[in-house]
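These notes are about the structure you will find just below.
Residue numbers (my numbering): 17 to 139.
Next up, the structure:
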């Protein structure tokens with residue numbers, strides 16, 4: 017019985033997360049990015065895969081898992097293509113959390129955040 021209740025709770029949680037997804041076609045937003053790394057390395061992401069701080073991945077609140085996005089640092093015009101595999105950011109006012117590797121490529125490790133443009137890539 018406990019197992020059944022646990023599964024029902026899990027399905028309810030997953031259904032709640034999926035209900036707020038947006039269509040990535042034409043997605044183009046500007047906002048603040050932050051990065052996450054060693055503290056979360058190896059922990060399970062919302063998509064179920066382990067977080068790898070050395071992979072080119074990101075967390076977004078509403079884009080579907082697997083969506084490819086181009087993130088451009090608006091201060092230095094550096095950009096990187098990332099795959100959405102987690103939910104977040106969990107800090108108010110942030111648009112996207114990128115892996116440490118992505119933060120390195122965007123040259124935002126020193127400040128911890130950057131003003132970015134996030135564009136979904138077409139399939």
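All residues carry an ideal CB built from backbone N, CA and C; glycine is no exception.
By the three-class DSSP mapping on this structure, what secondary structure does residue i have?
i, result
"residue 118", "helix"
"residue 111", "strand"
"residue 66", "strand"
"residue 47", "strand"
"residue 78", "coil"
"residue 73", "strand"
What is the residue span of the beta strand (DSSP E) that residue i lies within?
i, result
"residue 101", "95-102"
"residue 89", "84-89"
Distance check for residue j and residue i, CA to CA, integer angstroms please.
i, j, result
"residue 46", "residue 131", "7 angstroms"
"residue 100", "residue 82", "5 angstroms"
Using alpha carbons as the reference points, say which of the options lies closest to residue i.
i, options, result
"residue 121", "136, 96, 127", "96"
"residue 76", "85, 68, 70", "85"
"residue 89", "69, 100, 135, 58", "135"
"residue 73", "43, 56, 37, 117", "117"
"residue 66", "126, 115, 124, 123", "115"
- Message: Can you confirm whether the segment 41-50 touches the segment 95-115 when touching is taken to mean that 3 or more C-beta pairs between the two stretches lie within less than 8 angstroms?
- Response: yes
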